[in-house]
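J.: Would you mind keeping the following structure in view while I ask a few things?
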Amino acid sequence: MSIDSGTTAWLLISTALVMLMTPAVGFFYGGLVRRKNFISMVALSFIVFALVSIQWVILGYSLAFGGDIGGLIGNLQHFGLEGLDPGQGDTAYPPLLFVAFQLVFATVTMAIVTSGFAERVRLSAFVLFVLLWTTLVYDPLAHWAWGGGWTMGLGSLDFAGGTVVHISSGFAALAVALVIGKRSGFGQYTMEPHNIPMTLLGAGLLWFGWFGFNAGSALAANGLAANAFLVTNTSAAAGALSWLFASWIRGKPSSLGMVSGAIAGLVAITPAAGFVTVPASIVIGVAAGLLCYACMLWRINRGLDESLDAWSIHGMGGLWGAIATGIFAAAAVNGFSGLIEGNLQQFVANVIGALAALAYAFVVTYILAFVIDRVIGLRVSEEEEYVGLDLSQHGERV
Amino acid sequence: MSIDSGTTAWLLISTALVMLMTPAVGFFYGGLVRRKNFISMVALSFIVFALVSIQWVILGYSLAFGGDIGGLIGNLQHFGLEGLDPGQGDTAYPPLLFVAFQLVFATVTMAIVTSGFAERVRLSAFVLFVLLWTTLVYDPLAHWAWGGGWTMGLGSLDFAGGTVVHISSGFAALAVALVIGKRSGFGQYTMEPHNIPMTLLGAGLLWFGWFGFNAGSALAANGLAANAFLVTNTSAAAGALSWLFASWIRGKPSSLGMVSGAIAGLVAITPAAGFVTVPASIVIGVAAGLLCYACMLWRINRGLDESLDAWSIHGMGGLWGAIATGIFAAAAVNGFSGLIEGNLQQFVANVIGALAALAYAFVVTYILAFVIDRVIGLRVSEEEEYVGLDLSQHGERV
Amino acid sequence: MSIDSGTTAWLLISTALVMLMTPAVGFFYGGLVRRKNFISMVALSFIVFALVSIQWVILGYSLAFGGDIGGLIGNLQHFGLEGLDPGQGDTAYPPLLFVAFQLVFATVTMAIVTSGFAERVRLSAFVLFVLLWTTLVYDPLAHWAWGGGWTMGLGSLDFAGGTVVHISSGFAALAVALVIGKRSGFGQYTMEPHNIPMTLLGAGLLWFGWFGFNAGSALAANGLAANAFLVTNTSAAAGALSWLFASWIRGKPSSLGMVSGAIAGLVAITPAAGFVTVPASIVIGVAAGLLCYACMLWRINRGLDESLDAWSIHGMGGLWGAIATGIFAAAAVNGFSGLIEGNLQQFVANVIGALAALAYAFVVTYILAFVIDRVIGLRVSEEEEYVGLDLSQHGERV
Amino acid sequence: MKEMVSMMMICAVIRPERLEFVKKDLEKAGIYGMTIFDVQGRGDQKGIQLQYRGGTMNVDLIPKIMVEVVVPDGKLEETVGIITNAARTGKVGDGRIFVLPVMKSFRIRTGEEIH
Amino acid sequence: MKEMVSMMMICAVIRPERLEFVKKDLEKAGIYGMTIFDVQGRGDQKGIQLQYRGGTMNVDLIPKIMVEVVVPDGKLEETVGIITNAARTGKVGDGRIFVLPVMKSFRIRTGEEIH
Amino acid sequence: MKEMVSMMMICAVIRPERLEFVKKDLEKAGIYGMTIFDVQGRGDQKGIQLQYRGGTMNVDLIPKIMVEVVVPDGKLEETVGIITNAARTGKVGDGRIFVLPVMKSFRIRTGEEIH
Ligand SMILES: Nc1ncnc2c1ncn2[C@@H]1O[C@H](COP(=O)(O)OP(=O)(O)O)[C@@H](O)[C@H]1O
Ligand SMILES: Nc1ncnc2c1ncn2[C@@H]1O[C@H](COP(=O)(O)OP(=O)(O)O)[C@@H](O)[C@H]1O
Ligand SMILES: Nc1ncnc2c1ncn2[C@@H]1O[C@H](COP(=O)(O)OP(=O)(O)O)[C@@H](O)[C@H]1O
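So the sequence lines, in the order shown, correspond to chains V, Z, L, H, W and F.
Taking this note's numbering, I'd label the letters of the first sequence as residues 1 to 398.
Taking this note's numbering, I'd label the letters of the second sequence as residues 399 to 796.
Taking this note's numbering, I'd label the letters of the third sequence as residues 797 to 1194.
Taking this note's numbering, I'd label the letters of the fourth sequence as residues 1195 to 1309.
Taking this note's numbering, I'd label the letters of the fifth sequence as residues 1310 to 1424.
Taking this note's numbering, I'd label the letters of the sixth sequence as residues 1425 to 1539.
The following block contains the structure:
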């Protein structure tokens, strides 16, 4: 198949847009922590980006998209991108571009997980964790859903990464938070976000980048991409408003609530973007805002310190999105029907795909974090935590 | 007509670029207010984005681009995007993409209007205002100029929204400022911009996004888009320099003056971008910088608290741009001639189009703001204003 | 040749991406200086952008890409963009778009040079310097390498500007720093970066924009662009990690070190991006991180106040990149072989091209700065420097 | 104590928006030296009550500016008067002035003691 | 001096995270007036030692909050006691309280002197 | 008063760029405790005059750092001397040192009074 320049242009820029999401996660999270950990939070996202970028071209791509081994993992045929010609392939875009596009998905997923580590992780342990997690958790899940693995075979639909990216990172963050423990002082005194404008900036860049994420996942510049683009925006807006108004009833409508709702809407529409209509995306977004808000309140009530709510927003929002895809998929959009159009099978396949990703990510992450913690220690000392990670891990100060 | 992937790719990314302009307006404005209203100012832009996004897909698009009713408004044939197929249409891009592209114009227009509300608007009244304004002011104006309405019929040229976006938002902000009244303390003590770098960041992102705004309005990736791109940049640069040097003569050349001049240049070239040459764009930009600077000085002298100068920059800059389009339009660029090439008719049509938008936007906005103010109150209490909107409206603090 | 919409779409967005790099340099640099010079540093980048934008469309483009005069400079055939039709040409993209694409390269180059002026330049002298430098240094160098000049004739390879952009700006910054002298107090007390998050933001935007810079330089949306995209990202990641780990051995692994390494990797891959493979890009990036880190340490030890390290990162990183291109160029990528594939000639041509740019940029800049300094004074007074440039040059304050 | 202490430090907590007036009025009286910084304060009113739907919300720490002026004893009354007048709006939250005794005072540039 | 000075300024350098407790406890005791600002401090411990690979690193200026409360002499002891209890964690770095004499005190709104 | 006041608070307004020197020199003398914060000040020179085209511009509030060190009476002179020397550049704007009496002083961690 010959390269189509329009398709390629759209994928090039989509890749750049998604790349921007990784520092955007850093700023989104960085504004939410205390001042003494701002640099650390942004730095973690850059470190993730650098480490996963290298891991992906050497090993990760092959594990995810190499020849299938038992439905579970790819083989090493593309180790070091071996056997990929930059110019030719059986797609309308160059194979190397697909590598790059998938790369930025792997990095942003890892960046989301930093929520569970916030303000207390030891940098050296984090580096190790990143390399192992992306290899042992992300790469297999990407293979399952997109690389010819078993959930793909099952017919489970995941347009742009509801299971692979969001369920996996959200539940991984939860597992990490359980292993690493609460921040010292959590629950005793308030830990206010120190720089809300930076979180809003991060949110703006995430929303912007998400168009590459979802509409880019059409892997073409066509009507499907346009649909994905518009439902993405609509669901984000709906999520922002539902969280905003729900929190308004309980108290002041915070700007953080609004952007959290937007992210919830973006997460939930991610697996559905290529399968549902605009009206459905309003429903998906509204429900995402309300659900994730409720999950966040529940988490806080439970005294759980999954600090920056990757679990309640990405984990639970992703779960809802995967299920919603099974419900709202409309044949008119992309040929697939969901529960509403009477296709129970699709619904079941999607639930299975989601729960499998959830269980796998949670369990493997828990074990991984646990082992690293025992062997080299995941957490900084009490003094280092008190002084803050900026100073203690990086020798820098805002 | 079949979908062209290159055209579609360019429109997809243009839409994303223009989307970024809404938070960019938030940061641009947010840096200019006092610290206690920073979050509020950014939050308003996000709220606008969310509300208008939903209004547009349900109602707004149909009012603007539905079947014409008397040259004034569109009908409800596309209510809820009814009757729009994602994949097919009579354009080289998918119809849904046009919906998305037009959506982000509607949002950024509304965001500009927040200038008149700065540091004193009640959030609940603002939400109501947004829903009504975008429906009663923006949607009709979009219909007039682009949706088959009467100014379009008149032959008035507006390439990317000089009348619809800038004149309308600028004069609306003026009307709002007149109704809501001055900020308490205005004119008595100085209200310095609290975070100039954030305004510069907003300006940088606006300049960046404006390429999607103007070059995207070619609705194709071709020579016309290239022309729009280059004249846009040239006019912005010219505006930045003319304001910079003019203010240098009077005192220190502030960075805020420079970026204000850049925005003035961008605004003025907006209606002209697809009709004028690069040399003309220098003239347009230089004049825009000088004119808007003079308007700002006049406004301040008059003690008018249209706080963030949407009127002097977008309103007056847009007016100049609409007129300039009627003057400088060159047949070589896009087949249309202006006054300089002897086409008086074009000039007259453009003046009429601009004044009609100006009058409509000002009058309807004034009435709207007035009514909302009487019925539920547009403005926060004196205490809330003193404490700042961040705390009083959102319960948050920088 | 008829316009290809996909190619054009990719060049349009690439131009916008590269445009964003100029304010990004402003923020990157702005975070590194002291608080009292933050606005100044960002403002310089905007001023550069505005001035060079105008110079380019009037004069610069013609000097760089007009008909060749003796291999040294272009003629004035395109003065004021004379003779460029927006719509037609012998390329798959509109000629005016090439003007715009090259414009943003000229601006970002100039912005990098501000490193040598940091915290001590007089604004009026700077304006003069910019106009002269871009005309006397940048335009000829662009002609040499890309406009049909002598290094192009020599067969020296520079894919996206290793010599024209990075060597030239880095060594120009060095020359400027030598002429203007150290900041008062340099070496006596520490001048800590006052806002590291803004530097990280700038770095994130630079990384993002660099995809337009390098992959856009393919001037097409094809396999070559995809290759350039992926090696760019890989080299950046490798540079970030090598600087990070090298500095970790010596002390705390700072976030600034990491992003400096990323920029080093981006710089080094710039001339090579269209000629080398992904594995080679890892080597190039790792070496760039280590080399530039060593150069920075050497500079500091020497008490040289080239304040923001344009020399060590862009100058030396660019030099390494130009040489590395001569070493690693692989015929499989783009038909050119380097030293490793036995092509000594390519290596020699690249070394000559690099050294010529280096010498020309350094010498001419030195003379230019020297003359301006003698004639009107390059530097602010001691009091103005103490108070800071924000106040003394712009009358503004963070 | 009067004999031993010949200088006083006036610590005035004022509204940020009154700073310009305080500065100008002190200047007119020939009093230039001052040191200022941002503070937050609550007074006997326990902050500001915001009407907030059914209930109310209390914002108890309000941004203020602290102005510290050291003056010789003889200028104390005048200075306090100027600051009071310049900083006053008449509404709750105008702030307080505290006067602290200064035992000694030096100019760093010369090392000399100031009397 | 006792006779001349009837008010005291309590300057308490505390951990930022204890501020809420100090505020609440003072409130309970009817003491609302206070002025706070961000400071950095080092104590006799010379800051915090961080284990850092082979060596150690010393972070010597730690963020603290300064709480200034002016009280009549009679309330001094009580107030100091409340602050001490509310701010204490028992670990190094809890901070100090310095008590300074206040010669005079005025309310700007009314211009009246406070006693 | 000498008998009643046994500690002094040294409030030194210095140039930000001299802080490192002040800290180091105090450390050498065994004086570790200090509290610092950012301030802005103008002195008798009314700020800095900037030549600005035809006219001039006056920047009247210049960033400084306030260093507060509480020392026993006996160490007062030494400490003031150290700070003065370390902070001095000899140019206008070096700052001032004000010495205030401290009536009492407590360590929050233990609640004990410090003498
Ligand atoms: N007892 C106190 N100790 C320290 N600061 C005080 C005290 N009382 C008031 N202040 C300061 O004075 C400011 C104004 O006090 P407030 O009582 O609100 O005004 P008013 O004097 O007009 O009633 C407060 O914000 C606080 O900073
Ligand atoms: N001599 C001093 N002068 C001024 N401030 C001091 C002095 N000693 C301590 N401080 C302040 O008190 C804070 C806590 O002191 P530190 O000695 O760490 O605690 P602790 O009293 O628990 O030993 C310091 O950070 C500093 O701000
Ligand atoms: N009377 C005063 N009261 C309070 N602070 C003062 C006073 N005079 C000077 N200062 C502080 O000292 C700083 C330096 O004073 P300045 O007069 O500029 O230096 P110098 O003592 O070298 O002449 C000022 O910026 C201000 O913060």
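Even glycine gets a Cβ: it sits at the ideal position worked out from N, Cα and C.
1. How many whole angstroms separate the CB atoms of phenylalanine 922 of chain L and threonine 1066 of chain L, which I take to be in contact at a CB cut-off of 8 angstroms?
2. Would methionine 399 of chain Z pass as an interface residue toward chain H - the criterion being a Cβ-Cβ separation below 8 angstroms?
3. When the Cα atoms are used, what is the spatial distance from threonine 405 of chain Z to isoleucine 1163 of chain L?
4. What does isoleucine 1204 of chain H touch in chain F if you count any residue whose Cβ is under 7 angstroms from its own?
5. Let me confirm a value: serine 1529 of chain F is counted as buried when at least 16 other C-beta atoms fall within 10 Å, else exposed. Which label applies?
6. Need the endpoints of the beta strand (DSSP E) that phenylalanine 1461 of chain F sits in, please.
7. Which residues in chain L sit within 9 angstroms of glutamate 1537 of chain F, going by Cβ to Cβ distance?
8. Considering only the alpha carbon of each residue, which of W:Ala1338, W:Arg1405, W:Val1411, W:Met1343 lies closest to valine 1494 of chain F?
9. When DSSP labels each residue in this structure, what does glutamine 188 of chain V get in the three-state scheme?
10. Would leucine 410 of chain Z and tryptophan 207 of chain V qualify as a contact pair, given that the criterion is a beta-carbon distance under 8 angstroms?
11. Is the closest heavy atom of ligand 4 to the C-beta of glutamate 1329 of chain W under 7 angstroms?
12. Who are serine 1299 of chain H's beta bridge partners in DSSP?
13. For proline 94 of chain V, decide whether its Cβ has a neighbour in chain L, counting only Cβ atoms nearer than 8 angstroms.
14. Taking only beta carbons into account, state which residues of the region 777-791 of chain Z come closer than 8 angstroms to chain H, listed in chain order.
15. Glycine 465 of chain Z to threonine 675 of chain Z, Cα distance in whole Å?
16. With a cut-off of 8 angstroms on the beta carbons, I'd call threonine 1344 of chain W and glycine 1227 of chain H a contact; round off their distance for me.
17. Okay, do the region 23-41 of chain V and the region 52-70 of chain V touch, 3+ Cβ pairs below 8 angstroms being the bar?
18. To which residues of the same chain is alanine 1034 of chain L closer than 6 angstroms at the C-beta, ignoring the five residues directly before and after it?
19. Flag this pair as yes or no: are the beta carbons of isoleucine 1204 of chain H and valine 1274 of chain H separated by less than 8 angstroms?
20. Residues in its own chain within less than 7 angstroms of leucine 1115 of chain L by CB, not counting five upstream and five downstream?
21. Alpha carbon to alpha carbon, what distance is there between glycine 1339 of chain W and lysine 1384 of chain W?
22. With a threshold of 8 angstroms between beta carbons, is methionine 19 of chain V in contact with chain Z?
23. Any heavy atom of ligand 2 within a distance shorter than 7 angstroms of the CB on threonine 1563 of chain F?
24. Does the beta carbon of aspartate 1353 of chain W fall short of 7 angstroms from some heavy atom of ligand 2?
25. Is isoleucine 1371 of chain W a contact residue of ligand 2, with contact defined as CB to any heavy atom under 7 angstroms?
26. Using a Cβ-Cβ cut-off of 6 angstroms (strictly less than) and excluding sequence neighbours within five positions of isoleucine 1417 of chain W, which residues of its own chain qualify?
27. When you compare only the Cα positions, how much space is there between glutamate 988 of chain L and valine 829 of chain L?
28. Could you have a look at arginine 1477 of chain F and say whether DSSP puts it in helix, strand or coil?
29. Cα separation between glutamate 82 of chain V and isoleucine 340 of chain V?
30. What does DSSP give as the partner residue(s) for cysteine 1205 of chain H in the beta ladder?
31. At least one CB of chain H closer than 8 angstroms to the CB of proline 1440 of chain F: is that the case?
32. Is there at least one Cβ from chain W nearer than 8 angstroms to glutamate 1214 of chain H's Cβ?
33. Is asparagine 233 of chain V helix, strand or coil by DSSP?
34. When the Cα atoms are used, what is the spatial distance from aspartate 1353 of chain W to histidine 1539 of chain F?
35. Taking just the CA atoms, how far does glutamate 1102 of chain L sit from lysine 978 of chain L?
36. Taking valine 25 of chain V as the reference, which of V:Ala246, V:Val48, V:Ile372 has the closest Cα?
T.: The relevant details are as follows:
1. The Cβ separation is near 26 angstroms, so there is no contact.
2. no
3. 48 angstroms
4. Simply none; closest approach about 12 angstroms.
5. With 16 or more other Cβ atoms inside 10 Å of its own Cβ, serine 1529 of chain F counts as buried.
6. That run of the beta strand (DSSP E) goes 1458-1466.
7. Correct list: empty, because the minimum Cβ distance to chain L is about 38 angstroms.
8. W:Arg1405
9. coil
10. no
11. Although ligand 4 was asked about, the structure shown includes only ligand 1, ligand 2 and ligand 3 as ligands.
12. F:Phe1522
13. yes
14. Under the 8 angstroms Cβ criterion, the region 777-791 of chain Z contributes Ser779, Glu781, Glu782, Tyr784, Val785, Leu789, Ser790.
15. 34 angstroms
16. Actually they are not in contact, since the Cβ atoms of threonine 1344 of chain W and glycine 1227 of chain H sit about 21 angstroms apart, beyond 8 angstroms.
17. no
18. The residues are Gly1061, Ile1078, Gly1081, Val1082.
19. Going by C-beta atoms, isoleucine 1204 of chain H is nearer than 8 angstroms to valine 1274 of chain H.
20. Ile963, Ala1150, Leu1154
21. 11 angstroms
22. Using a CB distance cut-off of 8 angstroms, methionine 19 of chain V does not count as an interface residue toward chain Z.
23. No statement about residue 1563 of chain F is possible, as the shown extent of chain F runs from 1425 to 1539 and does not include it.
24. For ligand 2, at least one heavy atom lies less than 7 angstroms from the Cβ of aspartate 1353 of chain W.
25. For ligand 2, at least one heavy atom lies less than 7 angstroms from the Cβ of isoleucine 1371 of chain W.
26. none
27. 7 angstroms
28. Here arginine 1477 of chain F scores only 48 on pLDDT, less than 50, and its place in the model is too uncertain to base an answer on.
29. Going from the Cα of glutamate 82 of chain V to the Cα of isoleucine 340 of chain V covers about 44 angstroms.
30. Bridge partners of cysteine 1205 of chain H according to DSSP: H:Glu1262, H:Phe1292.
31. no
32. It does not; no Cβ of chain W falls within 8 angstroms.
33. helix
34. 14 angstroms
35. 8 angstroms
36. V:Val48
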